[in-house]
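So the sequences go chain by chain: A and B. Note that the first sequence covers residues 260 to 430 in the numbering used here. Note that the second sequence covers residues 36 to 112 in the numbering used here. C-beta: ideal position from N, C-alpha, C; glycine also.
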Amino acid sequence: MSLALIITILGGLTIGSALMVVISKHPVRSVLFLVLTFFLISANYIMLNAQFVAVVNIIVYAGAIMVLFLFVLMLLNLKKENEPQTSMFTKLTAVISGGILLLVFTMAVKDGIVVAPVDELAATDNQIGLVGNLGNLLFTKYVLPFEVSSVLFIASMVGAVLLAKREKQTN
Amino acid sequence: MRRNAIILLMCIELMLNAVNLLLVAFSTYFGKGDGQVFVFFIMVVAAAEATVGLSILIMAYRNLRTTDIGLFNKLNG
Chain A
260 MSLALIITIL GGLTIGSALM VVISKHPVRS VLFLVLTFFL ISANYIMLNA
310 QFVAVVNIIV YAGAIMVLFL FVLMLLNLKK ENEPQTSMFT KLTAVISGGI
360 LLLVFTMAVK DGIVVAPVDE LAATDNQIGL VGNLGNLLFT KYVLPFEVSS
410 VLFIASMVGA VLLAKREKQT N
Chain B
36 MRRNAIILLM CIELMLNAVN LLLVAFSTYF GKGDGQVFVF FIMVVAAAEA
86 TVGLSILIMA YRNLRTTDIG LFNKLNG
């Protein structure tokens with residue numbers, strides 16, 4: 260089983276699972292397919308030698324955000340949804356125009372990367388995904404966004420708690 | 036067109052993940068770690084935005100009793 264075959268099958272599974280997120284009629288099935296998509300994308304990251312990003316993806320997305328989604332879904336208690344029927348012609352038109360947009364974007368950036376990676380030695384370096392090297396970069400070059408993101412987190416935590424609080428019933 | 040607000044938020048997460056994958060791929064291609072650090076920050080922003088979006092949805096559901104985004108068009112009740 261060659262490496263290229265594994266990567267191709269993984270990519271196909273990821274795309275299929277992401278499509279099922281969008282296509283499913285039942286919201287719970289969409290959520291479960293999204294969890295599967297996150298795991299498959301983490302596998303893609305591991306194939307690309309990005310180990311820290313893969314594990315953080317599973318912890319943050321599949322572990323925290325999807326739990327949030329499942330809780331909210333449980334609160335809302337949705338059934339199989341009945342939405343207005345769009346005809347097959349409309350759907351086909353949407354898919355084709357989306358595909359043409361994709362084609363245009365791809366052709367616009369196709370010749371944007373005109374050179375091979377500048378430093379051949381760095382391009383074959385498979386140590387950049389390790390936690391130590393990324394941490395080095397994070398704390399030297401990107402220390403300001405790192406500190407600002409903590410402020411962002413505090414703001415979003417306070418906002419989420421404030422928004423979801425039940426209002427007091429004033430009699 | 037999907038009208039459920041939860042599916043909308045999930046599709047936003049999917050799009051952000053697609054960008055993450057692209058950034059990691061290019062980071063591996065050029066051999067620099069900057070792409071992966073940027074992925075880290077995109078995940079930070081995605082988590083914060085999913086949290087706040089879901090709490091807004093809960094509050095709207097409490098008042099309107101529906102998650103259909105076509106019906107979220109009244110600014111005052």
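Check	Outcome
Whole angstroms are fine: how far does the CA of residue 110 of chain B sit from the CA of residue 97 of chain B?	15 Å
Examine the Cβ distances between the segment 327-341 of chain A and the segment 70-79 of chain B and report whether three or more of them are shorter than 8 Å.	no
Given a cut-off of 7 Å on the beta-carbon distance, is the pair residue 276 of chain A and residue 295 of chain A in contact?	yes
Using a Cβ cut-off of 7 Å, pull out every chain B residue sitting near residue 415 of chain A, in sequence order please.	83, 86, 87
Sort A:286, A:320, A:282, A:287 by Cα distance to residue 299 of chain A and report the nearest one.	A:320
Residue 336 of chain A versus chain B: which residues are under 7 Å apart at the beta carbon?	Going along chain B, no residue has its Cβ under 7 Å from residue 336 of chain A, so there is no contact; the nearest lies around 10 Å.
Which class does residue 370 of chain A belong to by DSSP, given the choice of helix, strand or coil?	coil
Does the segment 62-75 of chain B come into contact with the segment 301-320 of chain A, if we say contact requires no fewer than three beta-carbon pairs (one atom in each stretch) closer than 8 Å?	yes
Quick one: measure Cβ to Cβ for residue 408 of chain A and residue 87 of chain B, integer angstroms, because I've assumed they're closer than 8 Å.	The Cβ separation is near 15 Å, so there is no contact.
Give me the residue from B:39, B:95, B:93 with the minimum Cα distance to residue 285 of chain A.	B:39
When you compare each of B:74, B:93, B:37 to residue 332 of chain A by their alpha carbons, which one comes out closest?	B:93
Going along chain B in order, which residues have a C-beta closer than 8 Å to the C-beta of residue 352 of chain A?	Going along chain B, no residue has its Cβ under 8 Å from residue 352 of chain A, so there is no contact; the nearest lies around 12 Å.
Could you check what DSSP says for residue 39 of chain B in three-state terms: helix, strand or coil?	strand
With 7 Å as the threshold, decide whether the Cβ of residue 94 of chain B is near any Cβ in chain A.	yes
Could you check whether residue 297 of chain A and residue 393 of chain A sit closer than 7 Å to each other, using their CB atoms as the reference points?	no
Under 8 Å Cβ-Cβ, which residues of chain A neighbour residue 79 of chain B?	408, 411, 412
Going straight from the alpha carbon of residue 43 of chain B to that of residue 388 of chain A, what length do you get?	32 Å
At which residues does the alpha helix (DSSP H) containing residue 301 of chain A begin and terminate?	286-306
Among B:53, B:55, B:49, which residue has its Cα nearest to the Cα of residue 280 of chain A?	B:49
Mind listing, in chain order, the continuous alpha helix (DSSP H) runs of no fewer than 4 residues lying wholly within the segment 50-102 of chain B?	69-99
Within this structure, are the beta carbons of residue 397 of chain A and residue 405 of chain A separated by less than 7 Å?	yes
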